[in-house]
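**Student:** Please see the structure below; I have some questions.
Chains as they are written, first to last, in our numbering: chain L, 7 to 340; chain B, 520 to 828; chain R, 243 to 574.
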């Protein structure tokens with residue numbers, strides 16, 4: 007396996023009391039290889055976004071971040087602000103959920119694009135404008151010249167997300183972190199944006215971290231998937247393995263709770279209970295209170311990550327057999 | 520844009536007309552000016568003659584129409600006290616008022632806005648708490664209390680500055696300080712909350728994620744947006760340039776428009792009071808118009824034509 | 243037999259200003275433009291489409307919350323009374339609603355038990371003891387614990403709040419529940435809980451649902467029939483499973499193709515069908531078939547003539563000029 011582009015080791019983020027049960031992200035380790043597409047799946051409070059905001063130093067000052075995030079050997083956790091500013095946008099770019107509120111409402115699209123080009127490529131004047139036009143063209147915006155002088159509020163959500171992607175591409179980054187990039191968009195526009203991201207990856211070889219609560223979005227667009235729950239990484243595997251033979255009860259539960267678009271309708275298997283709040287995190291496995299196969303040790307001892315298959319890791323005391331769902335899912339028994 | 524301007528102008532005209540009518544009605548309701556000016560024991564013939572000469576014996580409706588009609592031609596009547604045109608009396612006091620309110624405005628903006636920005640950027644720091652504590656003290660203290668405190672310290676105790684009057688620069692300092700510090704406190708609080716609001720917006724984080732340095736994020740992304748709500752309060756302060764110093768002028772015996780208003784009201788000098796209120800209203804309306812235009816300049820969403828979304 | 247709910251040719255137009263100031267020209271926004279629906283007792287009609295297609299306005303028309311510009315809504319054969327009349331308030335007990343944001347639909351200052359009892363105190367003369375008993379019964383039927391009766395909305399999770407809203411809606415034994423994106427604000431693991439609950443309640447109480455959502459997978463899960471809206475009109479309507487298996491209208495095909503799905507073991511089998519561009523501004527609906535600006539099959543006829551809903555074999559209704567042409571690869 008090639009050397010990782012980004013290696014996260016034992017990353018912990020704490021917004022509150024500093025105790026083990028108040029951690030928003032708890033000892034998360036993962037890697038992104040050059041050019042790879044990694045999906046990160048989780049519900050609200052899973053820490054899937056916070057992990058990457060912490061990596062880029064974008065959390066508010068009250069957040070305490072420990073552990074390590076290395077970008078080709080360069081440590082980002084605790085790095086000076088100037089070093090981080092040189093990484094952001096240039097090596098690792100990030101786009102967010104609500105594109106229309108991520109663009110500055112008082113500046114024209116062109117100015118915001120040129121700002122990124124000046125920052126990362128030293129372009130100015132005509133050269134910057136020409137490159138801005140090329141980027142808008144690359145992200146499929148028709149009538150690019152006119153759009154340069156438009157303000158963000160005149161553009162639809164889909165167009166604004168294309169502008170955000172163009173801006174992310176301005177620095178020719180090695181990795182794009184896309185945090186719920188299509189959640190605020192309509193279905194047909196979501197499909198356009200995901201197709202665009204795939205095309206850009208094909209053309210540039212850029213790595214992608216796709217953060218989403220939507221298993222379908224992740225399943226269709228990445229090579230490898232990491233599942234997070236309540237601040238911890240619970241399972242990680244190549245996409246086909248994860249969706250075909252999930253080994254963690256939470257992942258299996260998420261899949262069982264998903265209605266299908268084809269085939270016979272069956273009753274959904276719902277995961278009982280709710281996600282724990284920060285400050286009231288269970289001491290052992292954080293999923294234990296909702297887990298149908300939890301034992302006594304699950305409530306007290308955090309489960310270690312174990313390799314359960316080729317590149318397949320799960321953090322569960324109960325080593326659930328491949329092909330067996332703890333929610334007795336008929337589909338998994340096939 | 521043209522229809523926007525026309526509708527704003529119409530609204531401004533209506534506001535001024537409303538203020539003039541209000542002044543007319545209230546002054547007529549509050550007592551007979553003839554009796555007040557001539558004193559109660561004046562001979563009845565003299566009072567009748569006074570009424571005749573000022574048109575006070577006409578039906579109230581005719582008086583009103585004449586008043587509005589004359590105002591439209593720029594004639595605001597004559598002072599009942601000394602017979603000079605009211606507008607001239609009022610206009611000669613404007614420079615004195617501006618001489619203290621303009622420096623005070625500069626103080627409000629020059630002290631309040633930087634303090635607010637600094638407090639927002641260093642939220643919960645010692646400096647932020649001090650600024651906010653000073654700001655609360657500044658805008659809860661009535662201006663006459665502050666004025667008297669300043670007089671006590673700088674005029675009575677230290678003897679550095681005159682306690683009242685209008686003898687050059689030194690006597691303007693205390694009125695300016697009184698007006699300016701209270702306003703600066705309000706300004707600081709507004710700016711701080713506008714700035715905090717903007718700093719929490721997604722586009723600020725997005726700009727940081729783009730690699731923009733923190734300094735540029737603040738100057739290019741946060742400040743222009745925080746300026747939009749701040750303009751409202753600046754506009755309000757500009758609007759009160761003419762009329763905002765009534766109390767302070769009285770305390771310091773400063774010969775501005777505020778003192779003129781107080782004495783004209785006490786004397787039932789109808790034309791002068793009406794004229795002052797009209798000037799104040801016209802100035803306020805112009806300040807509001809300027810705020811609207813500034814919005815359009817600062818915020819493209821206001822400027823925008825039909826939504827393209 | 244008359245249907246539980248019958249809407250005929252509903253239209254709701256809004257006059258909107260297309261610029262700034264007093265003198266800006268007014269335009270007409272056709273939020274809903276000729277929608278007919280039929281819903282039987284105990285059945286679910288799913289209403290899908292993208293933002294701005296008029297599905298939420300249709301929901302409000304059916305509830306009688308906004309009066310239609312033209313067209314009629316009949317509930318059990320009777321036309322809806324005018325908004326605000328006592329007859330209209332009386333009808334509220336029969337047609338209840340559930341919104342996307344349960345926190346916004348609840349009063350933060352009142353314990354949930356009080357809020358669940360509220361419809362009874364409005365619509366029926368019952369003793370406080372009976373109110374309390376019925377509220378507890380409703381809470382139990384939606385899976386809330388009796389001790390939560392005294393809790394306040396902020397003490398509950400999103401899923402539990404939506405259960406409170408449901409319990410409150412059920413207090414007056416309504417015949418129809420209009421659900422506008424009822425699970426969109428909930429976490430994935432909680433959505434399934436609420437979907438199952440809705441299905442259980444329907445089976446037990448025979449309630450009909452008008453289920454408005456942008457999430458096609460959930461709509462398929464809960465609906466018997468589905469209507470697809472685009473810019474104020476229904477473009478396709480039919481039985482849920484068959485509509486999603488073989489969508490006929492090009493817009494429905496694009497919508498179905500756009501839904502990302504987890505394909506357990508294997509490649510993608512559904513067709514790829516990517517639309518270009520954004521939906522047009524509803525103030526400025528294109529002539530003819532409103533979808534022609536994004537439709538890959540549009541012809542001169544589509545640009546000029548507005549297609550009407552036509553029946554296909556099997557009961558499907560489709561509004562498309564070219565639906566019968568086999569060359570488009572439309573599955574029958």
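Backbone N, C-alpha and C define an ideal beta-carbon position, used for all residues, glycine too.
With DSSP as the reference, identify every bridge partner of residue 255 of chain R, one or two as the case may be.
**Tutor:** Looking at the DSSP assignment, residue 255 of chain R forms a beta bridge with R/272.
**Student:** Where are the beta strand (DSSP E) runs, 3 residues long or more, that stay fully inside the segment 310–338 of chain L, in chain order?
**Tutor:** 312–315 and 318–320
**Student:** Helix or strand or just coil, what does DSSP make of residue 578 of chain B?
**Tutor:** coil
**Student:** May I ask you to report which of helix, strand or coil DSSP gives residue 583 of chain B?
**Tutor:** helix
**Student:** For the beta strand (DSSP E) that residue 242 of chain L lies in, which residues bound it at each end?
**Tutor:** 238–244
**Student:** Assuming residue 297 of chain R and residue 289 of chain R make a contact with CB atoms under 8 Å, what is their CB distance in whole Å?
**Tutor:** 5 Å
**Student:** Using a Cβ-Cβ cut-off of less than 7 Å, give me the residues of the segment 728–762 of chain B that come near chain D, in sequence order.
**Tutor:** Among the protein chains of the structure shown, namely L, B and R, there is no chain D.
**Student:** From residue 309 of chain R to residue 338 of chain R, what does the alpha carbon distance come to, in whole angstroms?
**Tutor:** 17 Å
**Student:** Near residue 675 of chain B, what residues of its chain come up, given a Cβ to Cβ distance below 8 Å and the 5 sequence neighbours on each side ignored?
**Tutor:** 682
**Student:** Kindly say whether residue 157 of chain L, judged by its beta-carbon, lies nearer than 9 Å to any beta-carbon of chain B.
**Tutor:** yes
**Student:** Which residues in the same chain have their Cβ closer than 7 Å to the Cβ of residue 518 of chain R, if we skip the five residues on either side of it in sequence?
**Tutor:** 536
**Student:** Given a limit of 7 Å on CB to CB distance, which residues of the segment 277–297 of chain R reach chain L?
**Tutor:** Within the segment 277–297 of chain R, the residues whose Cβ lies closer than 7 Å to some Cβ of chain L are 292 and 293, listed in chain order.
**Student:** Taking all protein chains shown into account, decide if residue 411 of chain R is buried (16 or more other Cβ within 10 angstroms of its Cβ) or exposed.
**Tutor:** buried
**Student:** According to DSSP, is residue 232 of chain L helix, strand or coil?
**Tutor:** strand
**Student:** At a threshold of 8 Å, does residue 236 of chain L count as lining the ligand PLP (C-beta to nearest heavy atom)?
**Tutor:** Ligands in the displayed structure: none, and consequently the ligand PLP is not present.
**Student:** Check whether the Cβ of residue 447 of chain R lies closer than 9 Å to any Cβ atom in chain L.
**Tutor:** no
**Student:** If I follow the unbroken beta strand (DSSP E) through residue 467 of chain R, where does it start and stop?
**Tutor:** Residue 467 of chain R -> beta strand (DSSP E) spans 467–472.
**Student:** By how many angstroms is the C-alpha of residue 214 of chain L removed from the C-alpha of residue 12 of chain L?
**Tutor:** 11 Å
**Student:** Bridge partners of residue 217 of chain L, per DSSP?
**Tutor:** L/46 and L/185
**Student:** Distance, Cα to Cα, residue 65 of chain L vs residue 217 of chain L?
**Tutor:** 17 Å
**Student:** Check whether chain L comes within 9 Å of residue 624 of chain B, counting only Cβ atoms and requiring the distance to be less than that.
**Tutor:** no
**Student:** Mind listing the chain L neighbours of residue 504 of chain R? Cutoff is C-beta to C-beta under 8 Å, in chain order.
**Tutor:** 221, 222, 225, 249, 261 and 264
**Student:** So with CB distances below 9 Å, who are the chain B contacts of residue 272 of chain L?
**Tutor:** Near residue 272 of chain L there are no residues of chain B at all, since even the closest Cβ is about 39 Å away, more than 9 Å.
**Student:** Would you say residue 479 of chain R and residue 560 of chain R are within 9 Å of each other, going by their C-beta atoms?
**Tutor:** yes
**Student:** Give me, in chain order, the residues of the same chain whose beta-carbon lies closer than 8 Å to that of residue 353 of chain R; leave out the 5 immediate sequence neighbours on both sides.
**Tutor:** 391, 392, 393 and 394
**Student:** Can you find a C-beta in chain L that's less than 9 Å from the C-beta of residue 340 of chain R?
**Tutor:** Output row for residue 340 of chain R: interface = no.
**Student:** Hey, is residue 31 of chain L's beta-carbon within less than 9 Å of any beta-carbon in chain R?
**Tutor:** no
**Student:** Determine the extent of the alpha helix (DSSP H) in which residue 486 of chain R is found, giving its start and end residues.
**Tutor:** 482–487
**Student:** Suppose contacts are defined by Cβ-Cβ distances below 9 Å. Is residue 287 of chain L in contact with residue 29 of chain L by that definition?
**Tutor:** yes
**Student:** Leaving out the 5 sequence neighbours to the left and right, which residues in its chain are closer than 8 Å to residue 226 of chain L when beta-carbon positions are compared?
**Tutor:** 200
**Student:** With 16 as the cutoff for other CB atoms within 10 Å, does residue 316 of chain L come out buried or exposed?
**Tutor:** exposed
**Student:** Grouping DSSP H, G and I as helix and E and B as strand, with all else coil, what is residue 250 of chain R?
**Tutor:** strand
**Student:** Would residue 563 of chain B be called buried (16 or more neighbouring beta carbons within 10 Å of its own) or exposed?
**Tutor:** Burial state of residue 563 of chain B is exposed, judged by a 10 Å Cβ sphere holding fewer than 16 other Cβ atoms.
**Student:** Using 8 Å as the Cβ pair cut-off and three pairs as the minimum, do the segment 424–437 of chain R and the segment 526–534 of chain R touch?
**Tutor:** no
**Student:** Would you kindly check if the distance between the Cβ of residue 615 of chain B and the Cβ of residue 774 of chain B is under 9 Å?
**Tutor:** yes
**Student:** Can you give me the C-alpha to C-alpha distance between residue 256 of chain R and residue 273 of chain R, rounded to a whole angstrom?
**Tutor:** 7 Å
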